[in-house]
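Scroll down for the structure; my scribbles are underneath it.
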Amino acid sequence: MKEKDQELLLNSLKRIAPGTDLRTGIEYILQGKTGALIVVGDSESVLKIVDGGFYIGCSFTPARFYELAKMDGAIILSQDASRILYANTHLYPNPLIKTSETGTRHRTAERVAKQTKTLVISISQKRDVVTIYIDNLKYMLEEPRIVLSKANQALQTLSKYKEGLDNLLINLTIREIEDMVSLYDVVSILQRAAIVQKTEKEVKRYIYELGTDGRLLSMQMEELMANVEDESIKVIEDYISNDNKLKPIEVKSFINDLSEEDLFKLDNIAKILGYKVENNLKEFIVQPRGIRIISEIKRLPDNLMKGLIDKFKNLRNIMDASVEQLSEIQGMGRVRASLLHDRLKKFSEYYLFNEPYAYKGGISPR
């Protein structure tokens, strides 16, 4: 699933998560075994396919929602689901829109979602199943205990992947200090970061589906994911090809949108970065601009960071520069240059000679 579709699904699950009035109303309908067809949105494209029924125009409460669902026809809610607009309506989407569903209610729901790009909820009367549709996406809600079990498993997987990413970043830092970075090192990190972020989306989906019951899991996930996106952006900024016209955030998006199969082909990530590599990625030596490491040891204003990169081109030249050379950058000043010089020296000594960080081994991108 593409990143845009994942965000669309996550936002839809948020709107019907346990703890919301809309979810409470849905639970009432499930308990009453009445079934329902609900459209959450009153755009022009929705109102064009609405026929019959009657206008309600009242504020939303779960009890009113449940009582209106006892009637045949669809219920139309406002975009934020704060008001019940129409009830007992008939929906007439384009019958030529393809649908994989068989039941009348679900076929209508899928076609309405595809035609109007609006969130549509179908509640099965016989099977007690809630299915949501939006655009071309379909998702069936599961029982909270099953969702909680899946969420815990996914969180454990996320923790494992994140640990692997941390190890790869330590390895990259050491190789950068030693000026021994290969393109393989870089794309392996971006591959792992993409896997971590894809797994995060899966955990988020479960958390949103759990609603208020997922708060503890949400805190654990946020702690795990701290700085992951920022680190991957900085790696891209350090190694994106000079000929690449894409912005780093666009590069990250393209990488994250790769299918699982394409993501495990490291050449694909190298191409997105702007490199044309015919030989082994491990033999293709690259030099970092130094943005990630300098940002870690000394926060510099954007103009000074740009001046530093423009003057010295790469991290090795910055690390070899004297205080006098660093202070030549406009706005740097001798005091700031001296601090940067000393911190770079201590930083390199810490990673090269501190045993816990003297990580030299490769790690499988999987």
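Sequence positions in the sequence shown follow my numbering and run 1 to 366. Ideal Cβ placement from N, Cα and C applies to all residues, glycine included.
**OP:** Mark residue 171 as exposed unless 16 or more other C-beta atoms lie within 10 angstroms of its C-beta, in which case mark it buried.
**Re:** buried
Original post:
Tell me the DSSP bridge mates of residue 138?
Top reply: 133
Original post:
Where does residue 250 land, buried or exposed, given buried means 16+ other C-beta within 10 angstroms?
Top reply: exposed
Original post:
Do residue 334 and residue 327 have their C-beta atoms within less than 8 Å of each other?
Top reply: yes
**OP:** Return yes when the C-beta of residue 49 is under 7 Å from any heavy atom of the ligand ATP, and no when it is not.
**Re:** For the ligand ATP, the structure offers nothing, since it holds no ligand at all.
**OP:** Within the same chain, show all residues whose beta-carbon is closer than 6 Å to that of residue 135, passing over the 5 residues directly before and after it, in chain order.
**Re:** 117
Original post:
Where do the N-terminal and C-terminal ends of the alpha helix (DSSP H) with residue 88 fall, by residue?
Top reply: No alpha helix (DSSP H) holds residue 88; the beta strand (DSSP E) holding it covers 83-91.
Original post:
Straight-line CA distance for residue 144 to residue 277?
Top reply: 48 Å
Subject >> Residues that residue 122 bridges to, as DSSP identifies them >> reply: 37 and 131
Original post:
From 306, 114 and 266, pick the residue whose C-alpha is nearest to that of residue 195; which is it?
Top reply: 266
Subject >> Neighbour-count burial assignment, residue 330, 16 or more Cβ in a 10 Å radius >> reply: exposed
**OP:** Whole angstroms is fine: what's the gap from residue 248's alpha carbon to residue 228's?
**Re:** 14 Å
**OP:** Could you tell me the distance, in whole angstroms, from the CA atom of residue 359 to the CA atom of residue 273?
**Re:** The predicted model places residue 359 with a pLDDT of 41, which falls under 50 and marks its position as unreliable, so this point remains unresolved.
Original post:
In three-state DSSP terms, what is residue 374?
Top reply: Since the first residue shown for the chain is 1 and the last is 366, residue 374 is missing from the structure and cannot be characterised.
**OP:** Please report the Cβ distance between residue 39 and residue 77, rounded to the nearest whole angstrom; I am assuming they are in contact, meaning their Cβ atoms lie under 8 Å.
**Re:** 7 Å
**OP:** Compute the beta-carbon to beta-carbon distance between residue 188 and residue 168, rounded to the nearest angstrom, for a pair I have assumed lies under 8 Å.
**Re:** 6 Å
Subject >> Closest Cα partner of residue 142 within the set 173, 79 and 211 >> reply: 211
Original post:
Counting Cβ pairs closer than 8 Å, one from the region 53-62 and one from the region 84-95, do we hit at least three?
Top reply: yes
Original post:
Whose C-beta lies closer than 7 Å to the C-beta of residue 12 among residues of the same chain, with five residues either side of it excluded?
Top reply: 119, 132 and 134
Original post:
Hey, how far is the Cα of residue 31 from the Cα of residue 146?
Top reply: 19 Å
Original post:
Should residue 226 go down as buried or exposed, given a rule of 16 or more other Cβ atoms within 10 Å for buried?
Top reply: exposed
Original post:
For residue 366, which residues of its own chain have a beta-carbon under 6 Å away from its beta-carbon, when the five flanking residues on both sides are left out?
Top reply: Because residue 366 sits at a pLDDT of 29, beneath the cut-off of 50, its placement in the model cannot be relied upon, and the point is left open.
Original post:
In the DSSP assignment, what residue or residues form a beta bridge with residue 182?
Top reply: 285
Subject >> Contact the region 211-225 vs the region 296-309: 3+ CB pairs below 8 Å >> reply: no
Original post:
Using the beta-carbon count (16 or more within 10 Å), is residue 59 buried or exposed?
Top reply: exposed
**OP:** Could you give the DSSP three-state label for residue 147: helix, strand or coil?
**Re:** helix
**OP:** Please classify residue 63: is it buried, with 16 or more other beta-carbons within 10 angstroms of its beta-carbon, or exposed?
**Re:** exposed
Original post:
Hey, quick one: how far does the alpha helix (DSSP H) through residue 300 stretch, first residue to last?
Top reply: It is not in any alpha helix (DSSP H) - residue 300 carries neither H nor E in the DSSP assignment.
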